[in-house]
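The next block holds one structure in the form of structure tokens; read it before the comments.
In the working numbering, the protein residues as written are 1 to 156.
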């Protein structure tokens with residue numbers, strides 16, 4: 001899959017789990033993590049993925065993303081080559097109106113961080129936000145998973 005990803009990110013301030021329609025365990029690592037590109041390996045449930053993301057726009061709303069599903073055993077092998085600092089989280093799928101929020105609850109060195117993101121059709125799309133969302137962190141590079149893998153939330 002190839003496209004420009006347009007999304008907004010928020011911290012989560014209150015309970016949301018009862019609204020979730022699905023949840024997945026995710027483990028991911030980075031083969032490359034610099035501001036111009038990241039190469040991520042992910043195991044989500046029983047599937048593997050290889051993802052390449054380009055640099056974000058100045059406002060942090062969009063960036064190029066290419067993703068390909070790979071066999072879970074191949075993803076497990078690639079995770080062994082990744083930089084130190086694997087990300088462990090549970091992802092909850094939470095519908096709200098015509099939108100779907102992906103809410104990540106982090107574990108390990110990023111425990112205590114709960115963040116939601118929503119993909120948009122355009123950078124100017126107006127959205128209503130659920131009351132369980134807190135501060136918007138779109139464009140704050142500290143909340144990129146690649147950043148969290150190198151500088152965990154627990155050490156801020």
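Ideal Cβ placement from N, Cα and C applies to all residues, glycine included.
Count the other CB atoms within 10 Å of the CB of residue i; is the residue buried (16 or more) or exposed (fewer)?
| i | result |
| --- | --- |
| residue 156 | exposed |
| residue 8 | buried |
| residue 85 | buried |
| residue 13 | exposed |
| residue 78 | buried |
Over the uninterrupted alpha helix (DSSP H) stretch that includes residue i, give me the two end residues.
| i | result |
| --- | --- |
| residue 75 | 72 to 79 |
Among the options, which one has its Cα closest to the Cα of residue i?
| i | options | result |
| --- | --- | --- |
| residue 69 | 81, 43 and 132 | 43 |
| residue 87 | 62, 153, 28 and 78 | 28 |
| residue 3 | 127, 132, 121 and 152 | 121 |
| residue 123 | 52, 138 and 78 | 138 |
| residue 58 | 15, 36 and 76 | 36 |
| residue 98 | 75, 81 and 125 | 125 |
| residue 149 | 91, 74 and 83 | 83 |
| residue 10 | 154, 144 and 76 | 144 |
What residue range does the beta strand (DSSP E) around residue i cover?
| i | result |
| --- | --- |
| residue 148 | Note, residue 148: premise wrong, no beta strand (DSSP E); alpha helix (DSSP H) at 145 to 150. |
| residue 83 | Counting along the chain, residue 83 falls outside any beta strand (DSSP E), and DSSP gives it neither H nor E. |
| residue 198 | Residue 198 is absent from the structure shown; the chain starts at 1 and stops at 156. |
| residue 48 | 47 to 54 |
| residue 90 | 87 to 96 |
What whole-angstrom Cβ distance do residue i and residue j have, given they're in contact under 8 Å?
| i | j | result |
| --- | --- | --- |
| residue 19 | residue 94 | 5 Å |
| residue 109 | residue 154 | 5 Å |
field: Inter-stretch contact at 8 Å, needing at least 3 Cβ pairs: the region 122 to 135 / the region 21 to 36
entry: no
query: Are the region 38 to 57 and the region 106 to 120 touching by the rule of at least three beta carbon pairs closer than 8 Å?
result: no
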